[in-house]
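>
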Ligand code: UTP
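Numbering (this note's numbering), first residue to last: 1484 to 1774.
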């Protein structure tokens, strides 16, 4: 199958981040660092690794610093150069001219609405979505979106990252009604957003990465508010099942839910332990702390 290349990725970053208040009162949740890189930087790195050319950020009030993060920090760069300092830490923070688009979602009406705000920029081609607060940590060159793009080249259609969680956690997520499985691929027969306890069709959740066909924008155009009073992407995707191929992909790597405090601390600990500069120090400290 020759599927159309995925060139564009949408990063919805207009949410209020209420679970991290007061940290997120004036600072965007997506700029919170895991060790020393902001969540949004990991998300963009993952997209670049998967061959994405155009990054589309759906921002909102108080999120201007995300735009600044991907711009040139002229004074900083000049100063560091003058001092003979290494600038490699800034690698990947400057996106190629014309390859970053910042759009505003004036009201946080839900993830589905945020994605719909990108309809004119996405146009008539398949595209990826990355939720930056779902931090997917894969081996170098094997990030989550890279794995999904590889799968997409075989399946075409629509893909979501599918992840197993304990059954009692499903009520917080979009949940798959799974069909046949073949290796890392699982057919998606249905999707339900935040199922009431005891009603989830499986313990497979949608984990913050999507490759969707542009027709989803037409569905979102008339999508009514769903769970939590928000316009849900899951509901729009569910409406497309049966009209186009739909698969879940199992990610070979670790996922940290950095929208939750526990997941965010876990990500920091895991990444710190991997680091050459601070790993040994943190390991010793953690040992002392728990003994
Ligand atoms: P979340 O529900 O996890 O983010 O949305 P939130 O609303 O910011 O967080 P809490 O629950 O209040 O703590 C997942 C992603 O979708 C974006 C968020 O920025 C986040 O990256 N989002 C959500 C939007 O861009 N617009 C929305 O209307 C809702």
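In this text, a Cβ means the ideal position worked out from N, Cα and C, and glycines have one as well.
Remember, predicted model here, so these are calculated numbers, not experimental data.
Is the closest heavy atom of the ligand UTP to the C-beta of residue 1592 under 7 Å?
yes
> Flag this pair as yes or no: are the beta carbons of residue 1719 and residue 1727 separated by less than 8 Å?
no
> In three-state terms, what does DSSP make of residue 1568?
coil
> Out of 1660, 1636, 1492 and 1510, state which residue places its alpha-carbon closest to the alpha-carbon of residue 1611.
1492
> Out of 1537, 1736 and 1515, point me to the one whose CA is closest to residue 1609's CA.
1537
> Tell me, to the nearest whole angstrom, how far the beta carbon of residue 1645 is from that of residue 1690; I am working on the premise that it is less than 8 Å.
7 Å
> Counting only the same chain and skipping the five closest in sequence on each side, list residues whose C-beta sits under 8 Å from that of residue 1522.
1512, 1513, 1514, 1515, 1516, 1615, 1616, 1618 and 1741
> When every heavy atom of the ligand GDP is checked, does at least one fall within less than 7 Å of the C-beta of residue 1499?
For the ligand GDP, the structure offers nothing, since it holds only the ligand UTP.
> Closest to residue 1589 by C-alpha separation, out of 1773, 1497, 1744 and 1665, would be which residue?
1497
> Just to confirm the assignment: which complete alpha helix (DSSP H) runs, minimum length 4, are found wholly within the segment 1657-1745?
1698-1704 and 1716-1723
> Would you mind sorting residue 1663 into buried or exposed? The rule is 16 or more other CB atoms within 10 Å of its CB.
exposed
> Should residue 1503 be counted as a contact of the ligand UTP given a C-beta to heavy atom distance under 7 Å?
yes
> Please give me, in chain order, every unbroken run of the alpha helix (DSSP H) with length at least 4 that falls completely inside the segment 1573-1659.
Residue ranges of uninterrupted alpha helix (DSSP H) with 4 or more members, entirely inside the segment 1573-1659 and ordered along the chain, are 1594-1599, 1602-1605 and 1627-1638.
> Determine the contact status of residue 1553 and residue 1578, defining contact as a CB-CB distance below 8 Å.
yes
> So residue 1561 and residue 1631 are in contact, right, with Cβ under 8 Å, and what is the actual spacing, rounded?
The Cβ separation is near 39 Å, so there is no contact.
> Return yes when at least one heavy atom of the ligand UTP lies under 7 Å from the C-beta of residue 1586, else no.
Between the ligand UTP and the CB of residue 1586, the shortest heavy atom gap is not smaller than 7 Å.
> With a 10 Å radius around its C-beta and 16 neighbouring C-beta atoms as the bar for buried, classify residue 1495 as buried or exposed.
buried
> Going by DSSP, what residues sit across from residue 1499 in a beta bridge?
None, per the DSSP bridge assignment.
> Could you give the first and the last residue of the continuous alpha helix (DSSP H) run that contains residue 1553?
From DSSP, residue 1553 is part of no alpha helix (DSSP H); its letter is neither H nor E.
> Grab me the residues of residue 1583's own chain with a C-beta within less than 6 Å of its C-beta, minus the 5 sequence neighbours each way, in chain order.
Within the same chain, 1538 and 1553 come within 6 Å of residue 1583 by CB-CB distance, once the 5 residues on both sides are set aside.
> In whole angstroms, what is the alpha-carbon distance linking residue 1762 and residue 1744?
21 Å
> Nearest by alpha-carbon distance to residue 1587: which of 1486, 1542 and 1546 is it?
1542
> Buried or exposed: where does residue 1700 fall if 16 or more other Cβ atoms within 10 Å of its Cβ makes it buried?
With a 10 Å radius around the Cβ and a threshold of 16 neighbouring Cβ atoms, residue 1700 comes out buried.
> Taking only three categories from DSSP, how would you classify residue 1770?
helix
> With hydrogens ignored, establish whether the beta-carbon of residue 1552 is closer than 7 Å to any heavy atom of the ligand UTP.
no
> Assign residue 1512 to one of three DSSP states: helix, strand, or coil.
helix
> Just to check my reading of the structure: residue 1770 and residue 1518 have Cβ atoms closer than 8 Å, yes? What is that Cβ distance to the nearest angstrom?
The Cβ separation is near 19 Å, so there is no contact.
> For a quick check, are the C-beta atoms of residue 1684 and residue 1660 less than 8 Å apart?
yes
> Let me confirm a value: residue 1508 is counted as buried when at least 16 other C-beta atoms fall within 10 Å, else exposed. Which label applies?
exposed
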